[in-house]
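Student: For the sequence shown, my numbering begins at 1 and goes up steadily by one.
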Amino acid sequence: MTASARPQTLWLGRWGFVLAATGSSVGLGNIWKFPYMTGEYGGGAFVLVYLLCIALIGVPIMMAEIAVGRRGRANPVEAVRRVARESGCRGLWSGLGWMSMICGFMILSFYVVVAGWSISYLWKALSGGLQAESVDGMAAIFAANNANPWNLGFWSTLVTIVTMLIVGKGVQAGIERSVRWMMPGLVVMLALMIGYAVVSADFSAGVHFLFDFNVGELTGEAVLAAMGHAFFTLSLAAGAIIAYGAYLPANQSIVRTTLTVAICDTLVALMAGLAIFPVIFANGMDPASGPGLIFMSLPLAFQAMPFGGVMEVVFFLMLTVAALTSSISMIEATVAWLNQSHGLTRRRAAWGVGIVLWVISTLAMLSFNVGAEWKLAGKHFFDWLDFLTSRLMMPLGGLGMALLTGFFLRRRAIREELAMPSWLFGLWQFAVRYVSPIAIVVVFLDALGWLGTGFDWRWLAAILVVGLAVETGLRKRASRADEAVG
Ligand code: PFF
Numbered sequence: 001m002t003a004s005a006r007p008q009t010l011w012l013g014r015w016g017f018v019l020a021a022t023g024s025s026v027g028l029g030n031i032w033k034f035p036y037m038t039g040e041y042g043g044g045a046f047v048l049v050y051l052l053c054i055a056l057i058g059v060p061i062m063m064a065e066i067a068v069g070r071r072g073r074a075n076p077v078e079a080v081r082r083v084a085r086e087s088g089c090r091g092l093w094s095g096l097g098w099m100s101m102i103c104g105f106m107i108l109s110f111y112v113v114v115a116g117w118s119i120s121y122l123w124k125a126l127s128g129g130l131q132a133e134s135v136d137g138m139a140a141i142f143a144a145n146n147a148n149p150w151n152l153g154f155w156s157t158l159v160t161i162v163t164m165l166i167v168g169k170g171v172q173a174g175i176e177r178s179v180r181w182m183m184p185g186l187v188v189m190l191a192l193m194i195g196y197a198v199v200s201a202d203f204s205a206g207v208h209f210l211f212d213f214n215v216g217e218l219t220g221e222a223v224l225a226a227m228g229h230a231f232f233t234l235s236l237a238a239g240a241i242i243a244y245g246a247y248l249p250a251n252q253s254i255v256r257t258t259l260t261v262a263i264c265d266t267l268v269a270l271m272a273g274l275a276i277f278p279v280i281f282a283n284g285m286d287p288a289s290g291p292g293l294i295f296m297s298l299p300l301a302f303q304a305m306p307f308g309g310v311m312e313v314v315f316f317l318m319l320t321v322a323a324l325t326s327s328i329s330m331i332e333a334t335v336a337w338l339n340q341s342h343g344l345t346r347r348r349a350a351w352g353v354g355i356v357l358w359v360i361s362t363l364a365m366l367s368f369n370v371g372a373e374w375k376l377a378g379k380h381f382f383d384w385l386d387f388l389t390s391r392l393m394m395p396l397g398g399l400g401m402a403l404l405t406g407f408f409l410r411r412r413a414i415r416e417e418l419a420m421p422s423w424l425f426g427l428w429q430f431a432v433r434y435v436s437p438i439a440i441v442v443v444f445l446d447a448l449g450w451l452g453t454g455f456d457w458r459w460l461a462a463i464l465v466v467g468l469a470v471e472t473g474l475r476k477r478a479s480r481a482d483e484a485v486g
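1) Are the segment 30-48 and the segment 206-217 in contact at 8 Å, needing three or more beta carbon pairs?
2) Assess, as a yes-or-no matter, whether the segment 77-97 is touched by the segment 256-274 under the definition of 3 or more beta carbon pairs within less than 8 Å.
3) Can you check which of these residues, M305, F17, L324, L51, is closest to A201 by C-alpha distance?
4) For the segment 234-244 against the segment 299-317, are there 3 or more C-beta pairs whose distance is under 8 Å?
5) Would you decide whether D136 is buried or exposed? Buried here means 16 or more other CB atoms lie within 10 Å of its CB.
6) Provide the residue(s) that pair with H208 in DSSP beta bridges, ordered along the chain.
7) By how many angstroms is the C-alpha of F368 removed from the C-alpha of S127?
8) Please state the DSSP three-state secondary structure of L248.
9) Please report the residue range of the alpha helix (DSSP H) in which V187 lies.
10) Sort M227, T325, L274, Y434 by Cα distance to V466 and report the nearest one.
11) At what residues does the alpha helix (DSSP H) containing A226 begin and finish?
12) When we look at the beta-carbon of R356 and count the other beta-carbons within 10 Å, is it buried (16 or more) or exposed?
13) May I ask whether a heavy atom of ligand 1 can be found less than 7 Å away from the beta carbon of G284?
14) According to DSSP, which residues form a beta bridge with L376?
15) Would a check of beta-carbon distances place G39 closer than 8 Å to chain B?
16) For G284, count the other beta carbons within 10 Å of its own beta carbon; 16 or more makes it buried, fewer makes it exposed. Which is it?
17) DSSP three-state call for V321: helix, strand or coil?
18) In its own chain, which residues sit with a C-beta less than 7 Å from the C-beta of G206, not counting the 5 before and 5 after it?
19) Counting C-beta neighbours from all protein chains within 10 Å, is the total for G473 16 or more, i.e. buried, or is it exposed?
20) Would you kindly report the start and end of the unbroken alpha helix (DSSP H) that includes G284?
21) Which of the three DSSP states, helix, strand or coil, is assigned to V167?
22) Taking contact to mean at least 3 C-beta pairs separated by less than 8 Å, is the segment 323-337 in contact with the segment 348-362?
23) Using a 10 Å radius around the Cβ and a threshold of 16 neighbouring Cβ atoms, would you call G91 buried or exposed?
24) What are the boundary residues of the alpha helix (DSSP H) that Y111 is part of?
25) Confirm, please, whether the CB-CB distance from G72 to A243 is below 8 Å.
26) Classify M420 as helix, strand or coil using the three-state DSSP reduction.
27) DSSP three-state call for N369: helix, strand or coil?
28) Rounding to the nearest angstrom, what Cα-Cα distance links M1 and A364 in this structure?
29) I want to check one thing, is the minimum distance from the CB of S25 to the heavy atoms of ligand 1 below 7 Å?
30) Measuring straight from C-alpha to C-alpha, what distance separates P7 and A323?
31) May I have the straight-line CA-CA distance separating L224 from F444, to the nearest angstrom?
32) Mind checking R14: buried by the 16 CB within 10 Å criterion, or exposed?
33) Am I right that S25 and D265 are in contact with their C-beta atoms under 8 Å? What's the rounded C-beta distance?
34) Within 7 Å: the Cβ of N30 and any heavy atom of ligand 1?
35) In angstroms with no decimal places, state the Cα-to-Cα distance between G352 and I414.
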């Protein structure tokens, strides 16, 4: 690895990485997806599993991704290849980088459609188009917005263009500057909306729905959904965090930055839940209304609030910006890869990727109108993109990253990057070696119905024994290799 092959770009400010990574994590996943999934999977139990997944799987894997990005100092494909080679592992591991880069691209293909909803609602809010007497009236506005492919296509195309403009401009001027003001604004808006929910909506019903944990009601499918969403909301296994980690200055603490990002992300999701569910219950709306949930419920609340018109505009503006700061992170990996590994300028790379993205996202957009009947196994294209990424690619990518950093990379290399006290390093290593892989495998098997009904501990024991045997073998090999190097 030559020094000249490394990108020189680093985040400018002390907070550059934290801001950008928080901008990536906090997005439609927190405000659009988390509430509607919680509604669909029945509330508190889903929330509990989601929180556990964040703490036990998401946080350790985020640390691993940042460490790999920073050590590799390149786009995910190249970064994973470099760190694997440095530890004497096969170049085959770069497949992990490939999968994450493709996953980010696939997410963005449906994400721009939802971001398009958000910006079209901003326009409606500005032009007084969000007035209805009831939930049904709001549902009709949402349906009409989707029914016209030209309308929806216009908004998602706009999002695609803006995303590519920002990414094309580069890391500091484009990404770092645009996330600086938006995160505090979003939190203030959500706080005001929670204030409204406390005073005028059914706040206690919302709180009970979110925090009454009836774990017995959860299906294997719901647990997989919660785990997939933990990856989604933290932007893991989609290239974003590795790509951003590549620009993290060497003297910044990975532990501290990870914890800051994860805490902000979780708080925003819970705040969104506390703002939205009270309104839903106060208006007799079904929490399981699906992806349109926030677009049908929140405008009703704004309508009833003092200064609701202004609040509505500010909210959809914030939501759009939150979506954009996530969108740019999803495509940074691909643009950086074209730039670093294929010599394209960032601007060219951004426009090239943008065109391909536009074609695929247009297909996703058509799922809501002319292509509503184009289904495979009951799902249309938009749902497939979501399903394949959140339920399959992200957990698998997380598993790969946990195994790579937990077992295959030289301990010395990963310790150097993580730079944490040894007790904490031990905890991290336990998490990526055992907790994450076992949890991911068990959740997969359970969702596939292979564990029968309920949880079968014999599977867990079997996986643990096999894991320990493999690890003992690997550790012997690694220490032999370390001795050889030393
Ligand atoms: N974390 C973002 C959200 O919650 O909206 C979505 C996301 C961003 C997923 C970046 C993946 C990614 F690479």
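Where is the CB? At the ideal position from N, CA and C, for every residue including glycine. None of the values given here were measured: they were computed from a predicted structure.
Tutor: If we stick to the structure as given:
1) yes
2) no
3) Among M305, F17, L324, L51, the Cα nearest to that of A201 is on M305.
4) Contact between the segment 234-244 and the segment 299-317 is absent: fewer than three C-beta pairs spanning the two stretches fall below 8 Å.
5) exposed
6) H208 pairs with nothing; no bridge assigned.
7) In a straight line, the C-alpha of S127 is about 23 Å away from that of F368.
8) In this structure, DSSP gives L248 a state outside helix and strand, which the three-state scheme calls coil.
9) 182-200
10) Y434
11) 220-233
12) The sequence as given places Val at residue 356; Arg does not occur at that position. Exposed, by the Cβ-count rule.
13) no
14) K379
15) The structure shown contains no chain B, having only a single protein chain.
16) exposed
17) helix
18) A197, L274, F277, P278, F281
19) exposed
20) Where G284 is concerned, there is no enclosing alpha helix (DSSP H), given that its DSSP letter is neither H nor E.
21) helix
22) Output reads yes: the segment 348-362 touches the segment 323-337.
23) exposed
24) 94-126
25) no
26) coil
27) Annotated three-state conformation of N369 is coil, per DSSP.
28) Interpretation of M1 is limited by its pLDDT of 40, a score under 50 that renders its predicted location unreliable; no figure is taken from the coordinates.
29) yes
30) Because the pLDDT at P7 is just 49, under 50, the model does not fix this residue reliably, and the value given afterwards should be weighed accordingly. Near 27 Å, if we compare the C-alpha coordinates of A323 and P7.
31) Roughly 7 Å separates the two Cα atoms.
32) Looking at its Cβ environment, which holds fewer than 16 other Cβ atoms inside 10 Å, R14 is exposed.
33) 4 Å
34) Taking non-hydrogen atoms of ligand 1 into account, the C-beta of N30 is found less than 7 Å away from one of them.
35) 35 Å
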